[in-house]
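First the structure, in the form of structure tokens, and then the observations on it.
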Amino acid sequence: MKYTHSPEWTTKTMELIRQLEFRHIPEDRVTCFKSIGSKSRRVIARIHTMPKIIQLGINQPPFYAIELVSEKFDRQSQEEQIKTIIHELLHIPHSFNGGFRQHRPYVNKRTVDHHYQKLTQQTRILPGWQGLIKNPFS
Ligand SMILES: [Zn+2]
């Protein structure tokens with residue numbers, strides 16, 4: 187498995203955090219990586235965090251890394267890609283405690299679609315997003 191940091195998707199994820207008003211997620215505590223060579227045939231993305239004991243050991247707040255499986259993610263449409271990121275962000279608990287929120291009952295297609303709808307109802311256009319999402323900086 188090879189990981190490459192993705193500045194592009196890290197920036198887009200930060201924009202999504204802002205746009206969706208996920209105020210419980212500090213923007214500098216999430217980053218995105220592309221992975222190549224995943225053996226899993228189904229996984230498009232996954233979210234990682236560090237073991238609690240390491241977090242305590244280095245005396246830092248929680249940190250999350252979103253892994254985008256290149257073979258799958260790169261083939262998705264822009265809409266699907268955004269929904270993939272939203273899904274992974276939903277796994278971060280409101281307490282931002284370094285753990286995960288399970289799929290049931292919240293992290294599902296219905297919640298993702300709800301948040302995606304909020305994005306598409308925005309009026310301004312974010313550069314490079316082909317009009318799906320408004321620019322949070324303007
Ligand atoms: Zn999931």
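Counting in the numbering used here, the sequence shown runs from 187 upward without gaps.
The beta-carbon is built from N, C-alpha and C at its ideal position, and this holds for glycine as well.
Can you tell me whether DSSP reads residue i as helix, strand or coil?
i      : result
His301 : helix
Ile239 : helix
Ile278 : coil
Lys198 : helix
Ile203 : helix
Arg232 : strand
Give me the DSSP bridge partner(s) of residue i.
i      : result
Val216 : Tyr250
Tyr189 : Ser221
Val255 : Ser221
Can residue i and residue j be called in contact, C-beta distance under 8 angstroms?
i      : j      : result
Ile203 : Leu275 : yes
Pro237 : Asn283 : no
His277 : Arg287 : yes
Gly223 : Met187 : yes
Pro298 : Lys269 : According to the sequence shown, residue 298 is Val rather than Pro. A contact, by the Cβ cut-off of 8 angstroms.
Leu305 : Gln241 : no
Pro291 : Gly285 : no
Ile151 : Tyr302 : Absent from the model: residue 151. The displayed extent of the chain is 187 to 324, so no value can be given.
Ser221 : Ser256 : yes
**OP:** Could you say if the region 209-221 and the region 252-263 meet the contact criterion of at least three C-beta pairs nearer than 8 angstroms?
**Re:** yes
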